[in-house]
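Single-structure report; data block below.
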Amino acid sequence: MKRKQFSSVWFSLLVLLGGCQDGQEQVNELQPVNVKTMTVVRGTPSDGGRYSGTVEEQNGTPLSFSVAGTVQAVHVRLGQRVAAGQLIATLDDASLRNSHVAAQAALKQAEDAYRRMKELHDKGSLPDIKWVEVQSQVEQARSVEQIAAKNLRDCRLYAPYDGVIAAKNVEVGQNVVPGLSVAQLVSTSVLNVKIAVPETEIASVAVGQSAYITVQALGNRSFKGSVVEKGVVANPLSRSYEVKLRVQEACADLMPGMVTEVRFCPAAEAEEGCVIPARIVQLDERNQSFVWMVTHGKAHKAVIQPGEYTADGVTVLSGLSAGDEVIVEGQQKVCNGTPVILEDEDKK
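Counting along the sequence shown from 1, when you hit position 175 you're at 175 in full-length UniProt numbering, and nothing is skipped either side.
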């Protein structure tokens with residue numbers, strides 16, 4: 001009789017404990033989170049954005065004399081191609097030539113005095129202080145002669161590299177001062193195109209990225225190009241970033257100042273995969289890229305291999321399949337196993 005009573009009590013305790021555990025599990029259950037999802041589809045990003053650009057020379061130099069004078073001759077024409085070392089313009093050098101002749105005479109006189117005084121110094125007839133003064137006079141005369149010779153040479157202006165005369169700013173008889181631009185020399189062997197990319201799209205542009213460059217002035221002729229510079233400071237007014245592309249195999253007809261349309265390479269040349277918004281891709285503690293996907297009403301972490309980033313998003317090379325549901329809003333509130341409630345599901 002006592003054994004039966006003990007068994008009944010033990011059974012009641014087990015039932016009570018089981019009920020308590022069930023209640024505790026219910027308390028610890030994860031609360032559902034409202035999220036928005038999209039259905040993954042297989043494909044490639046659409047064509048990149050189109051941007052208006054301007055052709056620029058890689059090297060452009062305003063040529064100027066380093067001495068003042070009167071222009072005696074201009075030896076080039078606007079648009080003329082010149083070679084490195086070719087004469088561009090000359091100044092009237094009469095005054096500077098006379099200065100050089102006078103400097104040469106002063107140097108010769110100082111050197112003659114030096115030779116005479118040296119004989120006296122070697123014999124001990126000339127004090128050391130006087131000998132030092134003679135040496136200084138020779139050095140000063142030599143420096144003056146070298147400066148006069150350089151000024152005379154600087155009356156002739158030469159091209160520093162191969163290029164095209166883009167501007168001619170002086171005429172014969174005009175007085176010029178040092179630094180005044182006589183002509184603008186540009187190198188057209190390497191041409192760039194400058195575009196402005198909005199801040200909302202700059203993340204999709206990368207150095208080395210390929211693009212097509214179309215020039216309407218040349219009958220919509222297209223050239224291939226690649227990004228060589230990507231600005232990091234936005235224009236305070238337009239909120240856009242400066243990007244430069246190098247034109248590949250530029251022709252002689254393509255000239256600085258021409259307006260272009262830049263289009264980044266189309267989908268046919270992009271990696272094929274699943275395209276998802278770049279903003280939903282996160283990094284875990286192992287530096288792995290992942291997204292949150294929904295399976296049977298719960299959130300689950302999916303490690304992915306991202307490919308190219310474009311204006312349309314990022315191409316996922318592995319980790320997702322067509323038909324998967326990925327969370328595009330509310331992903332910051334979930335963890336593995338979190339129940340989710342779908343809102344306004346965006347089917348693509």
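Beta carbons: idealized from backbone N, C-alpha and C, even for Gly. What you are looking at is a predicted structure, and each value in this text was computed from that prediction instead of being measured.
Taking the alpha carbon of residue i as the reference point, which residue from the options has its own alpha carbon closest?
i, options, result
"Gln140", "Asn59, Ser240, Ala106", "Ala106"
"Glu171", "Thr338, Arg77, Tyr309", "Arg77"
"Gly307", "Ala206, Gly323, Arg239, Ala252", "Ala206"
"Glu261", "Met38, Asn175, Leu30, Gly49", "Gly49"
"Gly187", "Glu325, Asn59, Val340, Leu342", "A quick correction: the sequence has Ser, not Gly, at residue 187. Closest option to Ser187, Cα to Cα, is Asn59."
"Val197", "Lys230, Val177, Leu185", "Lys230"
"Gly257", "Trp292, Leu191, Val233", "Leu191"
"Gly319", "Gly313, Val303, Phe65, Tyr309", "Val303"
"Arg81", "Ile147, Ala234, Gly163, Arg142", "Gly163"
"Ala149", "Asn98, Gln31, Gln72, Gln209", "Asn98"
"Asn336", "Glu343, Arg116, His296", "His296"
"Gly79", "Pro339, Cys265, Ala278, Met255", "Met255"
"Gln72", "Ala113, Val340, Asn175", "Asn175"
"Arg263", "Val193, Ser189, Ala278, Arg142", "Val193"
"Val314", "Ala278, Pro339, Glu242", "Ala278"
Going by beta carbon distance, what residues of the same chain come within less than 7 Å of residue i, once the five residues before and after it are set aside?
i, result
"Thr200", "none"
"Pro111", "It is worth fixing the name first, because residue 111 is Glu in this sequence and not Pro. For Glu111, where only same-chain residues beyond five positions count, the Cβ hits under 7 Å are Val138."
"Gly330", "Val33, Asn34, Val35, Lys36"
"Val177", "Ala68"
"Cys155", "Val67, Gly69, Thr90, Leu91, Asp93, Leu96"
"Glu325", "Thr37, Thr39, Met293, Val294"
"Asn169", "Ser181, Val182, Ala183"
"Phe65", "Leu91, Asp154, Leu157, Val176, Pro178, Val182"
Assign residue i to one of two classes, buried (16 or more other C-beta atoms within 10 Å of its C-beta) or exposed (fewer than that).
i, result
"Ala211", "buried"
"Gly124", "exposed"
"Ala250", "buried"
"Val93", "Here residue 93 is Asp; the residue named in the question, Val, does not match the sequence. Answer is buried; the Cβ neighbour count reaches 16."
"Ser222", "exposed"
"Ala102", "exposed"
"Glu57", "buried"
"His100", "buried"
"Leu96", "buried"
"Ile202", "buried"
"Asp128", "exposed"
"Glu285", "exposed"
"Glu133", "exposed"
"residue 349", "Nothing about residue 349 can be reported from this structure: the residues present for the chain run from 1 to 348 only."
"Leu237", "exposed"
"residue 358", "Because the chain in this structure spans residues 1 to 348, residue 358 falls outside the shown range and cannot be described."
"Val233", "exposed"
"Gln31", "exposed"
"Gly208", "exposed"
Considering only residues of the same chain and omitting the five flanking positions on each side of residue i, which have a CB-CB separation below 6 Å?
i, result
"Val228", "Lys244, Arg246"
"Lys333", "Val33"
"Gln184", "Pro62, Ala166, Ala167"
"Trp131", "His121"
"Arg239", "Glu199"
"Ile341", "Pro32, Asn34"
"Tyr241", "Val197, Ile202, Gly231, Ala234"
Short check: CB of residue i to CB of residue j, under 8 Å?
i, j, result
"Gly225", "Thr70", "no"
"Val40", "Cys274", "yes"
"residue 406", "Tyr158", "The requested residue 406 does not occur in the structure, where the chain is confined to residues 1 to 348."
"Leu63", "Ser136", "no"
"Ala89", "Val74", "yes"
"Lys298", "Phe290", "no"
"residue 349", "Ile327", "A query on residue 349 cannot be resolved here, the shown segment of the chain reaching from 1 to 348 and no further."
"Gln104", "Glu145", "yes"
"Val259", "Gln216", "yes"
"Asp253", "Leu218", "yes"
"Tyr309", "Ser204", "yes"
"Ile195", "Gly53", "yes"
Leaving out the 5 sequence neighbours to the left and right, which residues in its chain are closer than 8 Å to residue i when beta-carbon positions are compared?
i, result
"Asn220", "Thr214"
"Gln248", "Phe223, Lys224, Gly225, Ser226"
"Lys347", "Unreliable placement is indicated for Lys347, whose pLDDT of 44 sits below 50; the coordinate value is still reported in the next sentence. Within the same chain, Lys347 has close Cβ partners Met38, Thr39."
Using a C-beta cutoff of 8 Å, does residue i count as contacting chain B?
i, result
"Cys335", "Of the chains in the structure shown, none is chain B; there is only one protein chain."
Any heavy atom of the ligand PLP closer than 7 Å to the beta-carbon of residue i?
i, result
"Val197", "Although the ligand PLP was asked about, the structure shown includes no ligands whatsoever."
Whole runs of the beta strand (DSSP E) within the stretch 42–100, excluding any shorter than 3 residues:
50–64, 69–74, 87–91
Every unbroken beta strand (DSSP E) within the UniProt domain "CusB-like beta-barrel" (193–265), with a cutoff of 3 residues, ordered by chain:
210–215, 221–230, 240–247, 259–264
Taking the runs of the beta strand (DSSP E) that are 3 residues or longer, which of them lie wholly in the stretch 114–168?
156–158, 163–168
Complete runs of the beta strand (DSSP E) confined to the UniProt domain "YknX-like C-terminal permuted SH3-like" (284–341) [at least 3 residues]
289–295, 298–303, 305–310, 313–318, 325–329
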